[in-house]
Amino acid sequence: MAQVLDRKSAAKEAPPTPAARAARRRVLLHWIGVHSLAIAAALFFVLPFVFVVLTSLMNGQQTLTRDLIPTTWEWGNYTKVLDTPGFLTWWRNTLIYAGLGTVLTVVSSIPVAYALAKFRFRGQRLAMMLVISMMMLPPQVIVVPMYLFWAKELDLTGTLWPLIIPMAFGDAFAIFLLRQFLLTIPNEYIDSARVDGCGEVRTLLRVVLPMAKPGIAAVALFQFFYAWNDYFGPQIYTSENPAAWTLSYGLESFKGAHHTDWNLTMAATVLVMAPVILVFFFAQKAFVEGVTLTGVKG
Amino acid sequence: MTTHTLRSKRRRSALRTLAFLSPWLIGFSVFFAYPLISTVYFSFMKYDGFRPPEFNGLDNWTYVFNDYPMFWPALRNTLWLVLVMVTCRVAFGLGIGLLITKVKTGTGIFRTLFYLPYLAPPVAATLSFVFLLNPGTGPVNTALESVGLSPPTWFTDPAWSKPALTLLAIWGIGDLMVIFMAALLDVPKEQYEAAQLDGASAWQQFRFVTLPNISPIVLFAVVTGVIATMQYYTQPLVAAKVASGNMGGSGQIFEPGYPEKSTLTLPQTIFNAGFQRFDYGAAAVVALVLFALAMAFTSLLMRRRGGLIRMGD
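Protein chains in written order, with our numbering: chain A, 1090 to 1387; chain B, 396 to 708.
Structural data, given as structure tokens:
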């Protein structure tokens, strides 16, 4: 493709024959076609955000009309949402769940991923297959015994612990992603560290981890957003105690309490989406790398 | 002497492997193997969480397959979603991926815009879509009516609730776009040049150069899409709650699936059986059906030959 375009732009210097002119016109038309299609697609992806933000700034009456632009800009909707009892607690809970959970996941998944990527041992293939099976297992399949375990054996339902503690034991998706990343680090680095008399732990900490930073960043982001977005876990384990709800679960109950106030609901929605989007702008590269890693290339 | 040191060396390396794997070994036993075996156990038990479990043979199984009103609709919906939603997501993901590789100006901006909705928290995204597709005052129907169409009522019509969910799923296509984009950029340029020399049209180039090169990624997207659809929970549940106006608060019980069980999925059925009807036995049966389906598709990803995930051996 690029080659063809180069050849056509090279034609510029030659005197414009009719054929060259036609070719140039084709390139221009192609450019216009592709970009108008892209703009149309971009509108589909962006307009929902725009309407949500606009609605969040309307007064209550106007949300019941077909107006798209607020007549009065009610910035106070946002303070109203933040003043709602519970909302800040849900923020704090979500930060604890997502923050602590991410740290625990990363710390516990790294050694496992390293062993799966760089050690040779019997049952390695089986272990990898089990990791992938865990990753693909819908969480709802095991929810009944897990709920009974946390509720009856440990009496920890109504707190965030049933959501956080499992993350200290390696997350299958994080292990998979990290392993895929570690496979791309050449073995020579690790071998030469070993020859220099480095123990496995030191090799991992001093040689592998610095090179694995982008992979770790991707895993941390995915885990953070998993927890931020999780609805099912909080619904199962915290629903009995509103003081332990997270944003995703709380947001739905917020809609329940304000069932006619679309403006407040949309303001709350913006407040739940905003951090995710903000973090994305600072960490675009790590995200894209992570998503690509989940693809097939090892 | 040498065999002795060799053996102790081997043992040391086995212990080392075990030490590195230990977090996962504990996690696997406590959060995968144990609950899975328990689920099988509960599927043969009458258990409501209060009275002690009581063996009841295949009663839960015959109940779920013959008399539990939510099982078959949930399975049928899952099939619909697998066929339509997964197909649409892969087709649009590939389309947007292709488009972005052709865009020459503002690529970064377009890529960001296409990717962002994927990040929107599902509850927030669903709330937004219920609002946007609101039949009376939503901007989508307002727009459709203004061009003279009579728009559907989306989340309140059993025939349109799943298409509405599909629209929401297409909106969040950013992950597939990125995967396809990476795959498309990896197709060897020489193959396109050779095809052009042979006079292949744009379609022929796509059909005979692009598609064969990216077909493993397409298959990967389909299989992971199917597995994600099996786990589909938050969006249909939140959409049904908000659209029905029954949020399940203050003593109300929310029967999932509104309208007319059209948004019911297998995970919701497990939740309904276990945590709303307190019939843990029936919940375990549905869970095992879901497990069997998910594992059947997972095995496609992992087959020794033609498996889609490289094991590195």
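We put the CB at the ideal spot given by N, CA and C, even for glycine.
Model, not experiment: these values are computed from the prediction.
Among all the DSSP beta bridges, which residues are the ones paired with residue i?
i              : result
residue 449(B) : 441(B)
What first and last residue would you give for the alpha helix (DSSP H) that runs through residue i?
i               : result
residue 1209(A) : Neither: residue 1209(A) is in no alpha helix (DSSP H) and is coded neither H nor E.
residue 1124(A) : 1107-1145
residue 498(B)  : Premise fails: residue 498(B) is in no alpha helix (DSSP H) and is neither H nor E.
residue 517(B)  : 517-527
residue 600(B)  : 597-600
residue 545(B)  : It is not in any alpha helix (DSSP H) - residue 545(B) carries neither H nor E in the DSSP assignment.
residue 478(B)  : Per DSSP, residue 478(B) belongs to no alpha helix (DSSP H) and is neither H nor E.
residue 588(B)  : 584-592
residue 1168(A) : 1165-1172
residue 513(B)  : 502-514
residue 570(B)  : 569-580
residue 1324(A) : 1321-1327
residue 1330(A) : Element bounds for residue 1330(A): n/a, residue is neither H nor E.
residue 1341(A) : 1336-1346
residue 1376(A) : 1373-1383
residue 457(B)  : 454-457
residue 611(B)  : 606-625
residue 630(B)  : 629-639
residue 564(B)  : 556-566
Keeping to the same chain, check which residues put their C-beta closer than 8 Å to that of residue i; ignore five residues upstream and five downstream.
i               : result
residue 523(B)  : 515
residue 1279(A) : 1207, 1292, 1296, 1297
residue 604(B)  : 582, 586, 587, 590, 595
residue 641(B)  : 647, 649, 653
residue 1382(A) : 1266, 1269, 1270, 1304, 1307
residue 454(B)  : 441, 676
residue 622(B)  : 689, 692, 693
residue 521(B)  : 563, 629, 630, 633, 634, 637
I'd like the list of long-range same chain contacts for residue i, defined as Cβ closer than 6 Å, with 5 residues on each side in sequence excluded.
i               : result
residue 530(B)  : 536, 548
residue 1361(A) : 1336, 1340
residue 539(B)  : 546
residue 616(B)  : 485, 571
residue 1264(A) : 1198, 1201, 1202, 1220
residue 609(B)  : 578
residue 1306(A) : 1375
residue 490(B)  : none
residue 448(B)  : 440, 442
Just to confirm before moving on: does the CB-CB distance between residue i and residue j stay below 8 Å?
i               : j               : result
residue 528(B)  : residue 564(B)  : no
residue 439(B)  : residue 1144(A) : no
residue 1157(A) : residue 534(B)  : yes
residue 419(B)  : residue 1230(A) : no
residue 465(B)  : residue 656(B)  : yes
residue 1356(A) : residue 1167(A) : yes
residue 638(B)  : residue 550(B)  : yes
residue 1257(A) : residue 1310(A) : no
residue 1178(A) : residue 1343(A) : no
residue 505(B)  : residue 1131(A) : yes
residue 676(B)  : residue 441(B)  : yes
residue 685(B)  : residue 661(B)  : yes
residue 1262(A) : residue 1224(A) : yes
residue 1217(A) : residue 1205(A) : yes
residue 475(B)  : residue 584(B)  : no
residue 575(B)  : residue 612(B)  : yes
residue 569(B)  : residue 627(B)  : no
residue 532(B)  : residue 1353(A) : no
residue 497(B)  : residue 1116(A) : no
residue 411(B)  : residue 1289(A) : yes
Got a sec? Which residues, its chain only, sit under 7 Å from residue i by beta carbon, not counting five neighbours each side?
i               : result
residue 1183(A) : 1317, 1335, 1336
residue 1326(A) : 1239, 1246, 1251, 1252
residue 400(B)  : none
residue 1236(A) : 1325
residue 709(B)  : Because chain B is modelled from 396 through 708, residue 709(B) falls outside the range shown and cannot be assessed.
residue 667(B)  : 465, 651
residue 1091(A) : The pLDDT assigned to residue 1091(A) is 46, lower than 50, so where the model puts this residue is not dependable; a value taken from the coordinates is nonetheless given after this. Once the five neighbours on either side are set aside, residue 1091(A) has no close Cβ partner at all.
residue 1260(A) : 1194, 1198, 1312
residue 1093(A) : Legend: pLDDT at residue 1093(A) = 49, less than 50; position of this residue unreliable, value from coordinates given subsequently. Nothing meets the Cβ criterion.
Quick one: complete alpha helix (DSSP H) runs, 4+ long, within the region 656-693 of chain B? The qualifying runs are 661-666.
Continuous beta strand (DSSP E) assignments of at least 3 residues falling wholly in the region 1250-1306 of chain A: Listed in chain order, there is nothing to give.
Kindly provide the ranges of any alpha helix (DSSP H) runs that are 4 or more residues long and lie completely inside the region 1183-1240 of chain A, ordered along the chain. Entirely contained in the region 1183-1240 of chain A, the alpha helix (DSSP H) runs reaching 4 residues are, in chain order, 1213-1225, 1232-1237.
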